Amino acid sequence: MELETNEKVLAMYRAVWSLIDEGCDIYRLKVSDITERAGIGKGTAYEYFRSKEELLERAVRYDSLLQYRRLCEGLENQQTLKGCVNSVFDWMEENLRRRRIAIQFMKMGREHRKIQDEEDMPCMGKDKGHMLEEFRHLLKDMVDKGRRENCISPDIPDQYACLELLGRFMEFYFYLFFEKAEDCEEIRKTKDFLYGNIIKSLL
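Position one of the sequence shown corresponds to residue 1158 (the working numbering), numbered consecutively onward.
If you want it as structure tokens, here you go:
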């Protein structure tokens, strides 16, 4: 999967997130606000995007791919199952605010037409469908590391082990999202608790 490289487009993506981070209402956000923040002319935006909605959707898609790349890079440096699990937990915690914003974008997207022309989405391109397969590979790699450490019983199938990991990651996400957890010590204890449950289930 290839990331966007056009500097003007990237400037607009960064401008979108900067404005949203500052509390701008996405329903009132104008193309001129985005291009002014990006330091380019308003007309330039329409050289790359058909509408404000398309610009916003692509900004979300680009950011999702960028954050996924960062997750992969973090996992590459881990040699143990616990290191991998904590790396995913840390990534989820770091990105929670951005994910909440993305939900606002998705809600807005339902009110507008769905963009059909996937050929015109450089941030995702033809490789969009590969992300799920790559994530499955990441889970399998974690399982392999766990087996080498004897943290996972040889009697447990890979598919079950992958589902167990995925389930604990979802638990952590819901914990962060619904509990609005901010206390660092409480979050650390939750990570340890969930990892302990992983080991109990897979041994």
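By construction, the Cβ of each residue, glycine as well, lies at the ideal position given by its N, Cα and C atoms. A quick note: this is a predicted structure, and the numbers were derived from the prediction, not measured.
Cutting at 7 Å between CB atoms, please list the residues of its own chain near residue i, excluding the five before and the five after it.
{"i": "K1239", "result": "Y1352"}
{"i": "K1271", "result": "With a pLDDT of 45 at K1271, under the threshold of 50, the modelled position of that residue is not reliable, and the figure given next carries that caveat. Excluding sequence neighbours, K1271 sits near nothing in its chain."}
{"i": "E1328", "result": "L1351"}
{"i": "I1313", "result": "L1359"}
{"i": "E1232", "result": "The amino acid occupying residue 1232 in the given sequence is Leu; Glu does not appear at that position. Hits under 7 Å: C1241, S1244 and L1295."}
Decide if residue i is buried, meaning its Cβ has at least 16 other Cβ atoms within 10 Å, or exposed.
{"i": "T1162", "result": "exposed"}
{"i": "E1214", "result": "buried"}
{"i": "C1241", "result": "buried"}
{"i": "R1207", "result": "exposed"}
{"i": "K1302", "result": "buried"}
{"i": "D1220", "result": "buried"}
{"i": "L1360", "result": "exposed"}
{"i": "Y1170", "result": "buried"}
{"i": "L1228", "result": "buried"}
{"i": "L1160", "result": "exposed"}
{"i": "M1281", "result": "Residue placement at M1281 cannot be trusted, given a pLDDT of 43 that sits under 50; what the coordinates show is reported in the next sentence. It counts as buried."}
Starting from residue i, follow the alpha helix (DSSP H) in both directions and report where the run begins and ends.
{"i": "T1162", "result": "Neither: T1162 is in no alpha helix (DSSP H) and is coded neither H nor E."}
{"i": "R1325", "result": "D1315 to E1336"}
{"i": "N1354", "result": "C1341 to L1359"}
{"i": "C1229", "result": "K1209 to E1233"}
{"i": "Y1205", "result": "K1199 to Y1205"}
{"i": "S1189", "result": "V1188 to A1195"}
What whole-angstrom Cβ distance do residue i and residue j have, given they're in contact under 8 Å?
{"i": "E1306", "j": "T1237", "result": "6 Å"}
{"i": "I1356", "j": "E1250", "result": "About 21 Å separates the two Cβ atoms, so there is no contact after all."}
{"i": "V1188", "j": "A1202", "result": "5 Å"}
{"i": "K1337", "j": "F1246", "result": "Incorrect: roughly 17 Å between the Cβ atoms, too far for contact."}
{"i": "L1212", "j": "D1190", "result": "Their Cβ separation, rounded to whole angstroms, is 11 Å, which puts L1212 and D1190 out of contact at 8 Å."}
Spatial neighbours of residue i within its chain, please: CB distance less than 6 Å, with the 5 preceding and 5 following residues excluded, ordered by chain position.
{"i": "R1325", "result": "L1351 and I1355"}
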